[in-house]
Ligand SMILES: [Zn+2]
Ligand SMILES: [Zn+2]
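Residue numbers (this note's numbering): 73 to 460.
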């Protein structure tokens, strides 16, 4: 009996240990404005183009990184690894295979997978991702049959520069299309330019979004274009190798529910922001909601000098506040406040004269929430000194 108890206890620990190992990690960014905040990465590669991992690994990594949705977006026109596949005929002829390989693992791990691909052309227009495709093969428009019966990457078809056809086909399939790494030095060595081909794409409804962040590059020009032209802001890891310990940039999607169709609807409705390192980039209404949805005033105590305020931050992002002009001159506020992620932060404010008003407004700029190129989010944190 004794040994049985021991076994039961052992089993209990084993099971609880297993279940905690199977809990998906969570990136804490609050749900806002009635939407769910989904964490997504819509740009990555595998061995099926020029990446170094198998498609199922991308799902494992997404699960480990707490992501809700990903898209594997192989280069359609650049697949150097294919020469290593023995059954190249099957692989070469079907661009949908990476998605199909990843699908079962995605279901098992509860990661949403979106069928996508990277239209990989010279600049202009450069590289663009198309998401929510139904058949990627139809976007492989660069080869014309030369009568040899062979076409495609390994064949001897005739190479033609008809990139417009690939975009038309993507749109035909209802795709959401975004311009990748607009400031990539290999394609835009001197300045990040918007070419007339991009105007053509934009005016023909063939560009819905733009990568403002790719890997660890931030493109202020792309950020401004997104604002001016109402393009959805996207961040892509563009991972080719395994995603190790370093944090990838994430597209935050504000969706009505956690589903592929809801992600699609949100992207077409410009409901996104970018989480990159300790920054969030996006429209003011989203950043404002994230900031005030993350912090709560835990306590507010009168001291001999003034007041001690304890601010709790439940999110996985720290907030870097700078004092701005326009604050009550009677109140001395720290020039900088760092509100730590998932912690409480104590802020001391000194008051020179007893306050006549029962409400205190503290005005700051949140320097790491970008509402424009390198432009922080203005916020006012208000307190009532006659009670919270
Ligand atoms: Zn690319
Ligand atoms: Zn890429």
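The beta-carbon is built from N, C-alpha and C at its ideal position, and this holds for glycine as well.
| Is it buried or exposed for residue 412, if we count other Cβ within 10 angstroms and need 16 for buried? | As a first step, residue 412 is located in the chain shown; it is residue number 340 there, counting from the start. Result: exposed.
| task | Inspect the CB distances between the region 340-356 and the region 274-285 and report whether three or more fall short of 8 angstroms. | result | yes
| query | Out of curiosity, what's the CA-to-CA distance linking residue 276 and residue 200? | reply | What you label residue 276 is simply residue 204 of the chain shown in a count that begins at 1. What you label residue 200 is simply residue 128 of the chain shown in a count that begins at 1. Each residue's Cα considered, the two are about 15 angstroms apart.
| message | Please give the ranges of any beta strand (DSSP E) in the region 253-333, keeping only runs that are unbroken, at least 3 residues long and fully inside the region. | response | 281-286, 304-308, 322-327
| In chain order, what residues of the same chain lie with their CB nearer than 6 angstroms to the CB of residue 421, ignoring the 5 residues before and after it? | As a working note, residue 421 is residue 349 in the chain shown. 378, 379, 403, 405.
| query | So does residue 402 have its beta carbon nearer than 7 angstroms to some heavy atom of ligand 4? | reply | In terms of ligand content, the structure shown lacks ligand 4 and carries ligand 1 and ligand 2 instead.
| query | Looking only at DSSP bridge pairs, what is residue 187 linked to? | reply | As a first step, residue 187 is located in the chain shown; it is residue number 115 there, counting from the start. DSSP, once it has assigned bridges, lists 144 as partnering residue 187.
| request: Identify the continuous beta strand (DSSP E) that holds residue 251 and give its terminal residues. | output: Along the chain shown, read from residue 1 onward, the residue named residue 251 stands at position 179. 248-251 is the extent of the beta strand (DSSP E) around residue 251.
| task | Please state whether DSSP places residue 433 in a helix, a strand or coil. | result | Here residue 433 refers to the residue found at position 361 of the chain shown. Three-state result, residue 433: strand.
| message | Which of the three DSSP states is assigned to residue 410 in this structure? | response | Counting from 1 along the chain shown, the entry for residue 410 is found at position 338. Strand at residue 410.
| field | the region 232-249 contacting the region 178-196, beta-carbon criterion three pairs below 8 angstroms | value | yes
| query | Excluding the five sequence neighbours on either side, which residues of its own chain have a C-beta within less than 7 angstroms of the C-beta of residue 167, listed in chain order? | reply | Here residue 167 is taken as the residue at index 95 of the chain shown, counted from 1. Within the same chain, residue 167 has close Cβ partners 146, 148, 189, 208, 209, 212.
| Just to confirm, are residue 186 and residue 247 a CB contact at a threshold of 8 angstroms? | Your numbering for residue 186 matches position 114 in the chain shown. Your numbering for residue 247 matches position 175 in the chain shown. Result no, Cβ atoms of residue 186 and residue 247 do not sit closer than 8 angstroms.
| With distances taken between CB atoms, is the gap from residue 314 to residue 129 smaller than 8 angstroms? | Your numbering for residue 314 matches position 242 in the chain shown. Your numbering for residue 129 matches position 57 in the chain shown. Taking 8 angstroms as the Cβ cut-off, residue 314 and residue 129 qualify as a contacting pair.
| message | On the CB-based measure, 16 or more other CB atoms within 10 Å of its CB, does residue 451 come out buried or exposed? | response | The residue you call residue 451 lines up with position 379 of the chain shown. By the 10 Å Cβ count, residue 451 comes out buried.
| request: Mind checking which residues open and close the alpha helix (DSSP H) that includes residue 171? | output: To locate residue 171, count along the chain shown from 1; it is residue 99. Per DSSP, the unbroken alpha helix (DSSP H) holding residue 171 starts and ends at 169-181.
| task | Examine ligand 2 and report whether any of its heavy atoms sits within less than 7 angstroms of the Cβ of residue 167. | result | If you number the chain shown from 1, residue 167 lands on position 95. Answer for residue 167: no, Cβ out of range of ligand 2.
| Close Cβ partners of residue 107 (< 8 angstroms) along its chain, the five nearest in sequence each way excluded | By 1-based counting over the chain shown, the position of residue 107 is 35. Excluding sequence neighbours, residue 107 sits near 326, 327, 328, 338, 343.
| said: Tell me whether residue 310, by its Cβ, gets closer than 7 angstroms to a heavy atom of ligand 2. | reply: In the chain shown, counting from the first residue as 1, residue 310 sits at position 238. Checking every heavy atom of ligand 2 against the Cβ of residue 310, one is found closer than 7 angstroms.
| message | Quick check on residue 342: does DSSP put it in helix, strand or coil? | response | Mapped onto the chain shown, residue 342 falls at position 270. It is coil, neither helix nor strand.
| said: Can you list, in chain order, the residues of its chain with a C-beta nearer than 8 angstroms to that of residue 296? Leave out the 5 residues immediately preceding and following it. | reply: To locate residue 296, count along the chain shown from 1; it is residue 224. For residue 296, same chain residues with a beta-carbon under 8 angstroms away, outside a window of 5 residues either side, are 444, 445 in chain order.
| field | Neighbourhood of ligand 1 [Cβ distance below 5 angstroms to any heavy atom], ordered by chain position | value | 199, 252
| field | Closest by C-alpha distance to residue 370, when choosing among 364, 381, 255 | value | Numbered from its first residue, the chain shown carries residue 370 at position 298. Nearest of 364, 381, 255 to residue 370, Cα basis: 381.
| Strand pairing of residue 107, partner residues [DSSP] | Position 35 of the chain shown, counted from the start, is the residue given in the question as residue 107. For residue 107, which the question treats as bridged, DSSP gives the partners 104.
| task | Give a single yes or no on whether residue 117 has its beta carbon closer than 7 angstroms to a heavy atom of ligand 2. | result | By 1-based counting over the chain shown, the position of residue 117 is 45. Yes, the Cβ of residue 117 comes within 7 angstroms of a heavy atom of ligand 2.
| message | Considering only heavy atoms of ligand 2, does any lie closer than 7 angstroms to the CB of residue 258? | response | For the purposes of this step, residue 258 is taken as the residue at position 186 of the chain shown. Residue 258: no, Cβ never under 7 angstroms from ligand 2.
| task | Please confirm whether any heavy atom of ligand 2 lies closer than 7 angstroms to the CB of residue 145. | result | Residue 145 sits at position 73 when you count from the first residue of the chain shown. True, at least one ligand heavy atom lies under 7 angstroms from that Cβ.
| request: Identify whether residue 450 lies in helix, strand or coil by the three-state DSSP scheme. | output: Residue numbering aside, residue 450 sits at position 378 when the chain shown is read from its first letter. For residue 450, the three-state secondary structure derived from DSSP is strand.
| Contact between the region 97-111 and the region 290-309: three or more CB pairs below 8 angstroms? | no
| request: With DSSP collapsed to three states, give me the class of residue 428. | output: Numbered from 1 along the chain shown, position 356 holds the residue referred to as residue 428. Reduced to three states, the DSSP call for residue 428 is coil.
| Under a Cβ-count criterion, where at least 16 other Cβ atoms within 10 Å of its own Cβ denotes burial, should residue 398 be classed as buried or exposed? | Start at 1 with the first residue of the chain shown, and residue 398 comes out as number 326. Looking at its Cβ environment, which holds fewer than 16 other Cβ atoms inside 10 Å, residue 398 is exposed.
| request: Give the straight-line distance between the Cα atoms of residue 474 and residue 205, rounded to the nearest whole angstrom. | output: The structure shown does not extend to residue 474, since the chain is modelled only from 73 to 460, so the question has no answer here.
| query | From residue 150 to residue 121, what does the alpha carbon distance come to, in whole angstroms? | reply | The sequence position of residue 150 within the chain shown is 78, counting from 1. The sequence position of residue 121 within the chain shown is 49, counting from 1. For residue 150 and residue 121, the distance between alpha carbons rounds to 6 angstroms.
| message | Are there any heavy atoms of ligand 2 lying less than 7 angstroms away from the beta-carbon of residue 190, as far as the coordinates show? | response | Counting from 1 along the chain shown, the entry for residue 190 is found at position 118. In this structure, the C-beta of residue 190 approaches ligand 2 to less than 7 angstroms from one of its heavy atoms.
| request: Enumerate in chain order the residues of its own chain whose CB-to-CB distance from residue 334 is below 7 angstroms, with the five nearest sequence positions on each side excluded. | output: Taking the first residue of the chain shown as position 1, residue 334 is located at position 262. Answer for residue 334: 327, 328, listed in chain order.
| query | With a CB to CB cut of under 7 angstroms and the five nearest residues on each side skipped, what residues in its chain are close to residue 299? | reply | What you label residue 299 is simply residue 227 of the chain shown in a count that begins at 1. 444.
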